[in-house]
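Chemist:
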Amino acid sequence: MRWLLTALMLLASPAMAEQVVADLSQNRVSITTSFEGSDIFVFGAVSRDAPAPTDQGDLEVIVKVIGPSAPVMVRRKDRRFGIWVNNDAVEVDRAPHFVALASTGELDDIVSFTDRMRYEIGYDHVVRLIDAPADVENVQSFREAVIRIREDEGLYKQLPDAVKLTSDTLFSTRIALPANLVEGDYLARVYLMRDKNVLDAFETTIAVRKAGLERWIYNLAHEQPLIYGILSILVALGAGWGAAAVFRAFQR
Amino acid sequence: MNIYLPIAEVAVNAYLLLGLGGAVGLLSGMFGVGGGFLMTPLLIFIGIPPAVAVATEANQIVASSFSGVLAHLRRKTVDFKMGLVLLAGGLVGSFFGVELFQFLRELGQVELLVSLCYVIFLGVVGGLMFIESLNAIRKSRSGKKIATRRRHTWVHGLPLKMRFRASNLYISAIPPFLVGLLVGVLAAIMGVGGGFIMVPAMIYLLGMPTNVVVGTSLFQIMFVTGFTTLLHATQNFTVDAVLALLLLIGGVIGAQIGARIGVKLKAEQLRILLAGMVLLVCAKLLFDLVVTPAELYTLGAAGGH
Chain A
1 MRWLLTALML
11 LASPAMAEQV
21 VADLSQNRVS
31 ITTSFEGSDI
41 FVFGAVSRDA
51 PAPTDQGDLE
61 VIVKVIGPSA
71 PVMVRRKDRR
81 FGIWVNNDAV
91 EVDRAPHFVA
101 LASTGELDDI
111 VSFTDRMRYE
121 IGYDHVVRLI
131 DAPADVENVQ
141 SFREAVIRIR
151 EDEGLYKQLP
161 DAVKLTSDTL
171 FSTRIALPAN
181 LVEGDYLARV
191 YLMRDKNVLD
201 AFETTIAVRK
211 AGLERWIYNL
221 AHEQPLIYGI
231 LSILVALGAG
241 WGAAAVFRAF
251 QR
Chain B
1 MNIYLPIAEV
11 AVNAYLLLGL
21 GGAVGLLSGM
31 FGVGGGFLMT
41 PLLIFIGIPP
51 AVAVATEANQ
61 IVASSFSGVL
71 AHLRRKTVDF
81 KMGLVLLAGG
91 LVGSFFGVEL
101 FQFLRELGQV
111 ELLVSLCYVI
121 FLGVVGGLMF
131 IESLNAIRKS
141 RSGKKIATRR
151 RHTWVHGLPL
161 KMRFRASNLY
171 ISAIPPFLVG
181 LLVGVLAAIM
191 GVGGGFIMVP
201 AMIYLLGMPT
211 NVVVGTSLFQ
221 IMFVTGFTTL
231 LHATQNFTVD
241 AVLALLLLIG
251 GVIGAQIGAR
261 IGVKLKAEQL
271 RILLAGMVLL
281 VCAKLLFDLV
291 VTPAELYTLG
301 AAGGH
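Line by line, the protein sequences are chains A and B. Reminder that position 140 of the first sequence reads as 140 in UniProt numbering, one-by-one numbering, no gaps. Reminder that position 65 of the second sequence reads as 65 in UniProt numbering, one-by-one numbering, no gaps.
This is how it looks when you write it as structure tokens:
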């Protein structure tokens with residue numbers, strides 16, 4: 001909170017009329033064995049050097065949390081010889097693993113298309129298909145499939161009206177990160193808008209990392225696969241021996 | 001209680017995994033099979049990626065087969081020489097199986113391959129077992145003695161003959177090597193021990209005495225699944241130790257209870273129950289392949305670039 005106050009004071013002087021400052025309840029999420037998802041509380045305020053303008057439209061806020069992007073291979077099944085087989089495949093060049101868009105209203109009503117494109121607000125602007133193969137029909141359906149499947153898995157979500165704005169100054173929202181999260185640096189961005197134009201933006205990162213036993217096992221499996229394989233077998237042999245020993249004890 | 005699996009990268013209910021391990025362990029204890037053919041499809045149904053399910057199941061079978069081998073060693077019902085020949089074939093088969101698995105994974109066809117293998121092998125083995133045990137029940141009802149099997153087949157005409165003392169056999173090493181090879185490939189692709197193929201092959205094809213069959217096949221399975229685990233761990237990074245451990249705990253307890261129930265049932269009844277179960281899993285997998293899926297698209301990691 002001290003950081004927030006310093007930021008507020010620093011922001012008191014500049015030329016822009018309205019600016020946004022924000023913070024998160026946590027900048028770090030640890031994926032441990034018992035990880036069941038996490039709630040991130042995003043809160044902040046609008047700082048002004050003059051009273052809020054009355055001749056412009058309402059103040060609107062969008063909070064975007066976006067996970068690491070990676071290309072995704074999307075495959076479509078077709079019926080071949082009576083069974084369903086993966087056939088056409090399209091690589092969607094960029095798709096975040098997770099994206100949440102919380103706002104004070106429907107995105108179409110509060111921000112212009114140009115700014116949605118510029119600030120990558122909306123599924124269509126974060127899930128990108130750049131060079132599509134020419135020999136596959138209906139290529140866009142592959143991109144839409146990424147959005148649909150990840151929405152079903154709770155990884156993509158649009159939450160209109162989820163941001164609470166108090167007396168045009170204070171705002172807050174809660175974004176739930178699901179349990180099926182992957183590691184990486186997640187970006188939290190806050191956009192401030194009037195008349196569908198972005199006035200100011202604020203950005204911070206959330207570090208999502210595997211921790212403890214999870215970290216150890218994952219690292220071992222990828223960095224020392226041979227040792228990991230041998231260890232897995234030894235654990236299995238130990239358990240098998242233990243079972244036989246217990247069984248024998250029962251028989252006596 | 002949800003638990004986050006480090007390699008599968010999904011959160012699954014820990015009690016569900018313990019329960020699955022227990023249920024499959026119960027059945028494997030009752031019928032004397034590894035239960036991999038039930039567990040791998042079940043893991044895929046609950047949302048474990050198929051590649052992780054297959055590799056992790058191989059790891060779990062190491063434990064259950066080792067436990068079984070120890071019991072058979074005490075009773076001296078393991079034919080080591082036969083086991084080693086089967087194992088030599090198994091290691092070669094496992095190596096090619098993992099290579100094939102990786103190749104098909106890159107093509108995006110691994111799920112299809114796993115499903116097709118299951119449908120074909122479960123269908124054939126389940127069907128044969130069902131017919132055979134029906135006949136056995138009918139014969140025992142009519143009071144006739146079951147015909148003894150022929151001890152000399154085409155198998156006995158091949159070169160490279162070896163003497164297997166424990167099995168009381170003098171046959172070519174080629175058929176057991178090939179049986180081992182087939183089982184090794186299946187272990188790598190299907191995440192099963194392969195006992196349900198190997199045991200009938202040893203009895204009917206090689207003519208081994210029934211009392212050493214189970215111990216010897218477990219001996220081979222233990223090494224082949226161990227080798228498969230190692231290959232999957234080093235080449236595909238798909239062995240999930242946490243998942244394996246949870247399945248193990250449930251499986252070990254289930255197997256103890258199952259073995260006690262199994263003793264109380266007649267052999268023919270056991271076999272017909274097992275055959276029914278095998279055919280049920282087969283039918284479910286076939287149904288999923290034929291019926292139009294709810295979601296035609298699947299997502300995977302992009303690779304190769």
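Note that beta-carbon positions come from the ideal geometry of N, C-alpha and C, so glycine has one too.
Beta-carbon separation of A/V90 and A/P133 under 8 angstroms?
Modeler: For this step, residue 90 of chain A is matched to residue 90 along the first sequence. For this step, residue 133 of chain A is matched to residue 133 along the first sequence. The answer is yes: Cβ separation under 8 angstroms.
Chemist: Is the beta carbon of B/G68 closer than 8 angstroms to that of B/L218?
Modeler: In the second sequence, counting from the first residue as 1, residue 218 of chain B sits at position 218. In the second sequence, counting from the first residue as 1, residue 68 of chain B sits at position 68. Judged by their CB atoms, B/L218 and B/G68 are nearer to each other than the 8 angstroms cut-off.
Chemist: According to DSSP, simplified to helix, strand and coil, what is B/L206?
Modeler: Counting from 1 along the second sequence, the entry for residue 206 of chain B is found at position 206. DSSP places B/L206 in coil when its eight states are reduced to three.
Chemist: Can you tell me the Cα-Cα spacing of B/T238 and A/I206, whole angstroms?
Modeler: Here residue 238 of chain B is taken as the residue at index 238 of the second sequence, counted from 1. Here residue 206 of chain A is taken as the residue at index 206 of the first sequence, counted from 1. Roughly 28 angstroms between the two C-alpha positions.
Chemist: Let me know the alpha helix (DSSP H) ranges lying completely inside the stretch 79 to 167 of chain B, each 4 residues or longer, listed in chain order.
Modeler: 80 to 107, 110 to 142
Chemist: Would you check if the stretch 110 to 125 of chain B and the stretch 266 to 283 of chain B touch, i.e. whether three or more CB-CB distances between them fall below 8 angstroms?
Modeler: With the rule of 3 Cβ pairs closer than 8 angstroms, the stretch 266 to 283 of chain B counts as touching the stretch 110 to 125 of chain B.
Chemist: So, with DSSP's three-state summary, where would you put A/G184?
Modeler: The count along the first sequence starts at 1 and reaches residue 184 of chain A at position 184. Assignment of A/G184 by DSSP, reduced to helix, strand and coil, places it in the strand class.
Chemist: With a threshold of 6 angstroms on Cβ separation, who are the neighbours of A/A12 within its own chain once the five nearest residues in sequence on each side are excluded?
Modeler: Along the first sequence, one-based indexing puts residue 12 of chain A at 12. Low confidence applies to A/A12: its pLDDT is 48, below 50, so where it sits in the model is not reliable enough to give any reading.
Chemist: Does any residue of chain A have a CB that is nearer than 8 angstroms to the CB of B/A147?
Modeler: Position 147 of the second sequence holds residue 147 of chain B. In this prediction, B/A147 has a pLDDT of 49, which is less than 50 and means its spatial position is unreliable; what the coordinates show is noted afterwards. No, B/A147 does not count as interfacial toward chain A.
Chemist: Could you tell me which uninterrupted beta strand (DSSP E) segments, each at least 3 residues in length, are contained entirely in the stretch 103 to 162 of chain A, listed from first to last along the chain?
Modeler: 156 to 159
Chemist: Given B/A14, which residues of its chain have a CB within under 8 angstroms of its CB, disregarding the five upstream and five downstream residues?
Modeler: Within the second sequence, residue 14 of chain B is the residue found at index 14, counting from 1. M1, N2, I3, L246, listed in sequence order.
Chemist: Would you kindly work out how many angstroms separate the C-alpha atoms of B/S172 and B/L206, rounded to a whole number?
Modeler: Your numbering for residue 172 of chain B matches position 172 in the second sequence. Your numbering for residue 206 of chain B matches position 206 in the second sequence. Spanning the two alpha carbons is a distance of roughly 10 angstroms.
Chemist: Straight-line CA distance for A/A95 to A/D168?
Modeler: Along the first sequence, one-based indexing puts residue 95 of chain A at 95. Along the first sequence, one-based indexing puts residue 168 of chain A at 168. In a straight line, the C-alpha of A/A95 is about 34 angstroms away from that of A/D168.
Chemist: Ends of the alpha helix (DSSP H) at B/I272?
Modeler: Position 272 of the second sequence, counted from the first residue, corresponds to residue 272 of chain B. First-last of the alpha helix (DSSP H) with B/I272: 267 to 290.
Chemist: Could you check the C-alpha separation between B/F164 and B/V212 for me, to the nearest Å?
Modeler: As a first step, residue 164 of chain B is located in the second sequence; it is residue number 164 there, counting from the start. As a first step, residue 212 of chain B is located in the second sequence; it is residue number 212 there, counting from the start. Per the coordinates, the alpha-carbon of B/F164 lies some 11 angstroms from the alpha-carbon of B/V212.
Chemist: Report yes if the C-beta distance between B/F196 and B/V252 is below 8 angstroms; otherwise report no.
Modeler: As a working note, residue 196 of chain B is residue 196 in the second sequence. As a working note, residue 252 of chain B is residue 252 in the second sequence. Not in contact: B/F196 and B/V252 (Cβ atoms no closer than 8 angstroms).
Chemist: Could you name the residues that DSSP lists as bridge partners for A/Q19?
Modeler: The residue given as residue 19 of chain A occupies position 19 in the first sequence. Beta-bridge pairing links A/Q19 to A/S47.
Chemist: Skipping 5 residues on each side, what residues in its chain have a beta carbon closer than 8 angstroms to that of B/I189?
Modeler: Position 189 of the second sequence, counted from the first residue, corresponds to residue 189 of chain B. If we look at B/I189 and ignore the five residues flanking it on each side, its Cβ neighbours are V54, G97, L100, F101, L113, V114, C117.
Chemist: Helix, strand or coil for B/T298 per DSSP?
Modeler: Residue mapping note: residue 298 of chain B aligns to position 298 of the second sequence, counting from 1. B/T298: strand per DSSP, three-state reduction.
Chemist: Give me the Cα-Cα distance between B/L289 and B/Y297, rounded to the nearest whole angstrom.
Modeler: Here residue 289 of chain B refers to the residue found at position 289 of the second sequence. Here residue 297 of chain B refers to the residue found at position 297 of the second sequence. Going by the C-alpha atoms only, they are around 14 angstroms apart.
Chemist: Which bits of chain B does A/N197 rub up against, with CB to CB less than 8 angstroms?
Modeler: Taking the first sequence and counting its residues from 1, one reaches residue 197 of chain A at position 197. Near A/N197 there are no residues of chain B at all, since even the closest Cβ is about 35 angstroms away, more than 8 angstroms.
Chemist: Do you know how far the Cα of B/S94 is from the Cα of B/M198?
Modeler: As a working mapping, residue 198 of chain B is identified with position 198 in the second sequence. As a working mapping, residue 94 of chain B is identified with position 94 in the second sequence. About 15 angstroms.
Chemist: Taking just the CA atoms, how far does B/G191 sit from B/Q235?
Modeler: Here residue 235 of chain B is taken as the residue at index 235 of the second sequence, counted from 1. Here residue 191 of chain B is taken as the residue at index 191 of the second sequence, counted from 1. Computed Cα separation, rounded: 15 angstroms.
Chemist: Give the straight-line distance between the Cα atoms of A/D135 and A/Y156, rounded to the nearest whole angstrom.
Modeler: The residue you call residue 135 of chain A lines up with position 135 of the first sequence. The residue you call residue 156 of chain A lines up with position 156 of the first sequence. When rounded, the distance between both Cα atoms is 29 angstroms.
Chemist: Quick check: what's the CA-CA separation for B/F130 versus B/G276?
Modeler: Taking the first residue of the second sequence as position 1, residue 130 of chain B is located at position 130. Taking the first residue of the second sequence as position 1, residue 276 of chain B is located at position 276. For B/F130 and B/G276, the distance between alpha carbons rounds to 7 angstroms.
Chemist: Chain B beta carbons: is any one of them nearer than 8 angstroms to that of A/K77?
Modeler: Position 77 of the first sequence, counted from the first residue, corresponds to residue 77 of chain A. So, interface residue.
Chemist: Report the rounded CA-to-CA distance for B/I7 versus B/G300, giving the unit in angstroms.
Modeler: Within the second sequence, numbered from 1, the residue matching residue 7 of chain B stands at position 7. Within the second sequence, numbered from 1, the residue matching residue 300 of chain B stands at position 300. Rounded to the nearest angstrom, the two C-alpha atoms are 15 angstroms apart.
Chemist: Assess contact between the stretch 114 to 124 of chain A and the stretch 168 to 185 of chain A, defined as three or more Cβ pairs (one per stretch) separated by less than 8 angstroms. Is contact present?
Modeler: no
Chemist: Below 6 angstroms CB to CB, which residues in the same chain sit around B/V224 once its five sequence neighbours on both sides are set aside?
Modeler: If you number the second sequence from 1, residue 224 of chain B lands on position 224. Around B/V224: G90, S94, G184, A187.
Chemist: Just the C-alpha distance for B/T40 and A/V63, rounded to the nearest angstrom, thanks.
Modeler: Numbered from its first residue, the second sequence carries residue 40 of chain B at position 40. Numbered from its first residue, the first sequence carries residue 63 of chain A at position 63. B/T40 and A/V63: Cα-Cα distance of roughly 42 angstroms.
Chemist: With three or more C-beta pairs closer than 8 angstroms as the rule, is the stretch 25 to 38 of chain A touching the stretch 209 to 216 of chain A?
Modeler: yes
Chemist: Thinking just about the alpha-carbon of each residue, which of B/H232, B/G215, B/E268 is nearest to the one in B/R74?
Modeler: Indexing the second sequence from 1 puts residue 74 of chain B at position 74. Relative to B/R74, the option among B/H232, B/G215, B/E268 whose CA is nearest is B/G215.
Chemist: Out of curiosity, what's the CA-to-CA distance linking B/G250 and A/D185?
Modeler: Reading the second sequence from its first residue, position 250 is the one you call residue 250 of chain B. Reading the first sequence from its first residue, position 185 is the one you call residue 185 of chain A. Approximately 37 angstroms, taken between the alpha carbons.
Chemist: Is A/D108 buried or exposed, if buried means 16 or more other CB atoms sit within 10 Å of its CB?
Modeler: Here residue 108 of chain A is taken as the residue at index 108 of the first sequence, counted from 1. Counting Cβ neighbours within 10 Å, A/D108 comes out exposed, since fewer than 16 surround it.
Chemist: What does a CB cutoff of less than 8 angstroms around B/G47 pick up in its chain, not counting 5 residues either side in sequence?
Modeler: The sequence position of residue 47 of chain B within the second sequence is 47, counting from 1. In chain order, V10, V12 place their CB closer than 8 angstroms to the CB of B/G47, counting only its own chain and leaving out the 5 sequence neighbours on each side.
Chemist: How big is the Cα-Cα spacing for B/K264 and B/F103?
Modeler: The residue given as residue 264 of chain B occupies position 264 in the second sequence. The residue given as residue 103 of chain B occupies position 103 in the second sequence. Rounded to the nearest angstrom, the two C-alpha atoms are 46 angstroms apart.
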